[in-house]
Structures are given as C-alpha cells and as structure tokens.
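Written below as structure tokens is the structure these notes are about.
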C-alpha cells in the first residue's frame, strides 16, 4: 500500500444512508456502492432506483447509475425505488 | 352547469322594488347603470360588483363592508376619490378596477339591501351635483346568468378570491388520472375542485379497508363491505361536486390505451403498472403532457424515511422515458409497501402544483420537471429528468 493510499484510508467519513450512519474511507462513492450500503446483497433494478444526496460538496443532486460523487463527512443519502402511488 | 337560484331572495326582491338593475353572474351580484361622478367632472354610469355566496336560493355577501366598482375612478363632490385601485375579476375578461370601503357607523351593513343602497347613494350624490337630471331609478330588474361550469354548485371560492381569469385556464381540459389509490385519489381531490371540463378515472382495483386510510374523506363501512371499484367509488364521491367525471373500472394496459383519448393532461399514479413505459410512449407520441408520481417509505432509525417524487413529461422536452416498469410486480426486493395518507397527499399536491404551473396558473421561477421530497432531511429538491 502506498503512502498516498494510506493517507486516504485514514480519512474516514461518516455518511448517513437511509437514516443509518455508515463509515466510508474512500474519497468518492458510486451509485452502486450507496445502494449496497442501503440494501446489502439485494438485487435491484438500477433504472428504477433513485439515489439522492444532501449535504455533500455543492448543491444537492441525484446520483445516477455508473456515476460517483465526492464524499463529505455528514453527507446524507436516500435510496428508494420511489415506485408507489 | 352549476345550480343557480331560480327566484330572487328577499334582499334581491327589495332591491328590484327600489329600481336597481341586478345581474347574478359568475358568483357575483352586479348592480348596473349606477350614476357616479367621473374624474372628467361629468356624470357617468358604472356598476357595483359584489362577490356573493349562493346556497340554494339564498344570496349572502361573501365579503365584509367592502364592494368593488367597475367604471372610471368615482369622485366625491370635491373631486376627491371615493375608491382605491384594487382590481377584482368578476367574469371572463371582466375586471372591476376599484374597491370602495365605507363602514357604516354601526360597523356593519344590515344586509345586502342596506349595503348596496348605501353604496349606490355614495356614488349617486356627487353625480347629482353636476347633473340634476340624475333621477331615482324606477325600472328594477334581476337576471340570473347561468354559468356553464362543470360543477354542481357555484364556485364562490374563485369569485371571492377574484381569480376567474386564472381559473379559465382549466376550461376545455380533460384530465385523466390513471390509478386512484393513495396518491391518485388526492390528485382527484384537487382536480375535482377546478374548472376542467372532464376527468377520466381509470383503476381496476377494489376499494379496500386499507385504501380508506389513505384516501381523502371518510369511507363508510357499508361502502367498504360492498367492495366497489375504486374508479367508480371516487367518481360517485366527487360527482357530488364535479359533473364531468367518467370512471373506467379496468387497469390501463397496452390494449385499452384508447381510454386516454381526448385527455389533455394525464396523471400516472398506478403503482407497479406494468404498462407504464408503454403508456408513457403512447402519450409522448401524441404530445400529451403527463406527470408520473412515485414514492417509497420504509422504517429507518427513529422513524420512517424515504422520498416522494413527481416527474413531469411535457411536450417539447425529450427527457428519457423509463424502458421497464419501476420494479416488476411481485419482485419488489425492498418488500416494504409503506404508504401513508400525508405522504400520498403531499406527493399528490406536488403533482397538482406542477400541473397548475404548466398551465400558467402558478407563476414559476424554477421550471424543473422533477420534484423530490426527502422525508429524513425534510427537504424539497428541484431537478431535471436525466
């Protein structure tokens, strides 16, 4: 492990996914990683899954499949199918 | 057409006997041909305009001591203004520009007759000074002009608020609501209170006890026992107010999309509709604007969490359409199916606000086509479909 990688590993952020605190030690997090934190091991339909984030860097936004976002301590994620009416 | 009074009530009868020329139209009592003193110093004729509440044959003043005046700015004997600029819509393209506010010494007028007579005199007396031919009126009359709104009783809410011009934006529209469950029923609750010509309800499901807990109003236990179809139940309920409602007690599929023919705007509120992508393509191909509502909530730490989402697909925008049902029916791996009346209602209201914004009823600074409400952070986000 390089010194640089070690440095990144030590900066662990607490992110909140569907109300639950999670520790995250990478600089970025992908759509797929957020869904995995919310629903570990469960199959899902990426197109039918909404991931929203708040309190990150910049304004709130959606996180789309295949994309990632820079992590900030205290960042809030919501992961929902949002398919009920 | 709304039910309107068939005969004058006692206040109206007295005003007619006094010689006033009255018209009841668009929720307003209009008192015509009233002499007043114009800014030019000449006598003119104008009209008083009063929003009224109509219940069966009885007319009641729908405001306080104020009244509106349609004409030039009325003046007193010394040329001072008798009214202040305060526009009030009282018909299609009709607007009274001035408001008059004279409180009687007692604090309130004794009734419609008293109020109208007092204001007519306040206007007439200065006109008399410049034109001695101004005579007491003698040929009283009263006409009721029926409206052609698709409502069971007059919309005195719109007339009180002076919003007739804006409410005309709804006329000529046919709104389809696909799915009248938790969210669709609250969409109907709002749409039924507008001047849209027709409302089409499509739902193949039976109204069950759990539906009663996320629907507007209070379903009677006898109704639940009879297991009515949802579309037919809500059409009957809201038929008490809006006369243009049609119910189709079937699920919307690719085979019966013709049920949407004629719709000028569609709300898609059918959870798990397998045909959803096909419905969306059909609507887009025909240039019909539509809104898709969806939400999901689940237990988090210390309570429920989740999001409500409103997606608007409007003509001229090429936002991507889903290619598959949100989650295949029966394969909802998240398994929870939490719907609550306030969250269904909230999402329905977001959808209705978005629709009204599209029509130009509400002003908008943020024409985004996505509204997301996040329960945990209590935040609303504007976004765009990606």
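Protein chains in written order, with UniProt numbering: chain A, 1 to 85; chain B, 1 to 386. Cβ coordinates follow ideal geometry from the N, Cα and C atoms, glycine included.
- Per DSSP, reduced to three states, the secondary structure at residue 272/B is coil, with no helix or strand assignment.
- In the DSSP assignment, residue 167/B falls within the alpha helix (DSSP H) that extends over 164 to 167.
- Here residue 89/B is buried: its Cβ has 16 or more other Cβ atoms, across all protein chains shown, within 10 Å.
- Rounded to the nearest whole angstrom, the C-alpha separation of residue 84/B and residue 122/B is 14 Å.
- When only Cα atoms are considered, residue 353/B and residue 171/B end up about 17 Å apart.
- Nearest neighbour of residue 84/A by Cα position, chosen from 62/B, 45/B and 325/B, turns out to be 325/B.
- The C-alpha of residue 146/B is placed about 30 Å away from the C-alpha of residue 248/B.
- Here residue 23/B is not near residue 140/B, since their CB atoms are 9 Å or more apart.
- In this structure, the CA atom of residue 142/B is about 42 Å from the CA atom of residue 364/B.
- Using a CB distance cut-off of 9 Å, residue 73/A does not count as an interface residue toward chain B.
- Looking at the DSSP output, residue 30/A shares a beta bridge with 68/A.
- With respect to chain B, the C-beta atom of residue 16/A has a partner C-beta closer than 9 Å.
- For residue 30/A, none of the residues of chain B pass the 7 Å Cβ criterion, the least Cβ distance being about 16 Å.
- With a threshold of 9 Å between beta carbons, residue 99/B makes no contact with chain A.
- Taking 9 Å as the cut-off, the beta carbon of residue 17/A is found closer than this to the beta carbon of residue 38/A.
- For the region 193 to 204 of chain B, there are no residues whose beta carbon sits under 7 Å from a beta carbon of chain A.
- Residue pairing for residue 229/B: DSSP places it in a beta bridge opposite 206/B.
- If you draw a 10 Å sphere on the C-beta of residue 184/B, you find 16 or more other C-beta atoms in it, and that means buried.
- With its beta carbon at least 9 Å from every one in chain A, residue 175/B lies outside the interface.
- Nearest Cα to residue 31/B within the set 380/B, 377/B and 120/B: 120/B.
- At least one CB of chain A lies nearer than 9 Å to the CB of residue 298/B.
- Going by DSSP, residue 123/B is part of the alpha helix (DSSP H) stretching over 112 to 130.
- Counting along the chain, the unbroken beta strand (DSSP E) around residue 174/B starts and ends at 174 to 178.
- Between residue 339/B and residue 181/B, the gap from beta carbon to beta carbon is short of 9 Å.
- Taking 9 Å as the cut-off, the Cβ atoms of residue 51/B and residue 156/B count as close.
- For a Cβ distance threshold of 9 Å, residue set 16, 18, 19, 54, 76 and 78 of chain A lies close to residue 376/B, ordered along the chain.
- In terms of Cα proximity to residue 41/B, the closest of 174/B, 54/B, 128/B and 61/B is 128/B.
- For residue 374/B, the uninterrupted beta strand (DSSP E) run begins and ends at 370 to 374, by DSSP.
- Per DSSP, reduced to three states, the secondary structure at residue 323/B is coil, with no helix or strand assignment.
- For residue 379/B, the neighbours in chain A by C-beta distance under 8 Å run, in chain order, 54 and 60.
- The three-state secondary structure of residue 258/B, taken from DSSP, is helix.
- With its beta carbon at least 9 Å from every one in chain A, residue 318/B lies outside the interface.
- For residue 302/B, at least one C-beta of chain A is nearer than 9 Å to its own C-beta.
- In this structure, DSSP gives residue 251/B a state outside helix and strand, which the three-state scheme calls coil.
- 49/B is the residue among 265/B, 125/B, 49/B and 383/B whose C-alpha sits nearest the C-alpha of residue 98/B.
- Identification of chain A residues near residue 293/B by a Cβ-Cβ cut-off of 8 Å yields 85, ordered along the chain.
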